[in-house]
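A.B. asks: Take this structure, written in structure tokens, and hold onto it; I'll ask about it next.
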Amino acid sequence: VFVYTTLIGVLGGAREMTLMGAMYEEMKAAGLKPTLVTFNRLLYAYGRNNMLEEALAVCAELRAAGMAPDRVTYGTLIDLFSKAGQHERAVAVFEEMQAAHLQPDAVAYTVLMNSYKRMGDPHKALALYRRMLDEGCEPNIFSYNTVIDLHGKAGRTRLAMTIFQEMRSKGVVPDVMTYSTMIDLCGKGGLYDAAEEMFESMQAAGHVPDTVAWSTLIQMWGRAGDPHRAALYFRRMLRAGLTPSVPAYNALMFAFLRADMFVEAKAAFDTLRRAGQAPS
RNA sequence: CAGUGAUGAC
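Residue numbers for the first sequence, in this note's numbering: 37 to 316.
Below, the structure is given as structure tokens:
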């Protein structure tokens, strides 16, 4: 059972749905009883591949086997419906979870917060965060990253910075995503120095900046009208051994175009093409 | 006690 469950997880992650289904059938044919984890992995895989019907079939099978969904099952389901564009159904699953006397965990709250966020309803997302705190559920790094981004996107730069501090004081260690979110919101709030300080603290904390972190800074300097700094960070990104992403090139080209540096912009565009990337 | 779910730039 363990081996099959692991295989199903790997195949599902690799989007090998046919093989995964075959594995599952083989497992049952061998007389092995799937565990809740097996079902959860199947659910996750079907969700990632937008196979809602199959996902619902897994739910039915799980219940037919006499099992009760656990927190992971609910979390997976909420996210699955949300990403399939069925936000109302995601909310319904969250309520069903409570009706089943399962106290939602930080994941369930955060997943649903992100569902509201995708729906373009940041207010409800934050209301849910407050409810989470009221219920005594401790926010984890995902919750904090989400809340910080919500405030950042709403232009509440200072508040986002306060929450960033709060998170650290509670012993939640910021990761690369926290830092790139902070860099982005500082940049968009015009706090360029703070953004650069964030980038430095990230490295000082032992994190290796990824393409997103670099592109965010490149984009910031482009918008700020400083193409030279943008180009500097682009070069540093290359020197760090990273393959620039399309958004990184876009940010660099934007920086040059904004400063009327057409030759440089064209050069960046040609490099992008030579790298075999598809311009967007 | 425990394998499976969520977050960032364009």
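Just so you know, even glycine gets a beta-carbon here, dropped at the ideal spot from N, CA and C. The structure displayed is predicted, hence computed values, not measured ones.
(1) Is the CB-CB distance between glycine 223 and methionine 273 below 8 Å?
(2) Residues in its own chain within less than 6 Å of alanine 287 by CB, not counting five upstream and five downstream?
(3) Would leucine 72 pass as a contact of alanine 91 if the rule is Cβ separation under 8 Å?
(4) From threonine 41 to alanine 81, what does the alpha carbon distance come to, in whole angstroms?
(5) So, with DSSP's three-state summary, where would you put cysteine 222?
(6) Would the region 195-208 and the region 167-185 be scored as touching if the rule is three or more Cβ pairs under 8 Å?
(7) Quick check: what's the CA-CA separation for valine 108 versus glutamate 232?
(8) What separation, rounded to the nearest whole angstrom, lies between the Cα atoms of valine 127 and isoleucine 114?
(9) Using the three-state DSSP reduction, which class does glutamate 61 fall into: helix, strand or coil?
(10) Since lysine 69 is in the alpha helix (DSSP H), which residue starts that stretch and which ends it?
(11) I need the straight-line Cα distance from methionine 56 to cysteine 95, nearest angstrom please.
(12) Which ranges would you report for the alpha helix (DSSP H) in the region 167-231 if only whole runs of at least 4 residues count?
C.D. replies: On the basis of the coordinates in this document:
(1) no
(2) Ser251, Ile254, Gln255, Gly258
(3) no
(4) 12 Å
(5) helix
(6) yes
(7) 38 Å
(8) 7 Å
(9) helix
(10) Per DSSP, lysine 69 belongs to no alpha helix (DSSP H) and is neither H nor E.
(11) 17 Å
(12) 177-189, 193-205, 212-224
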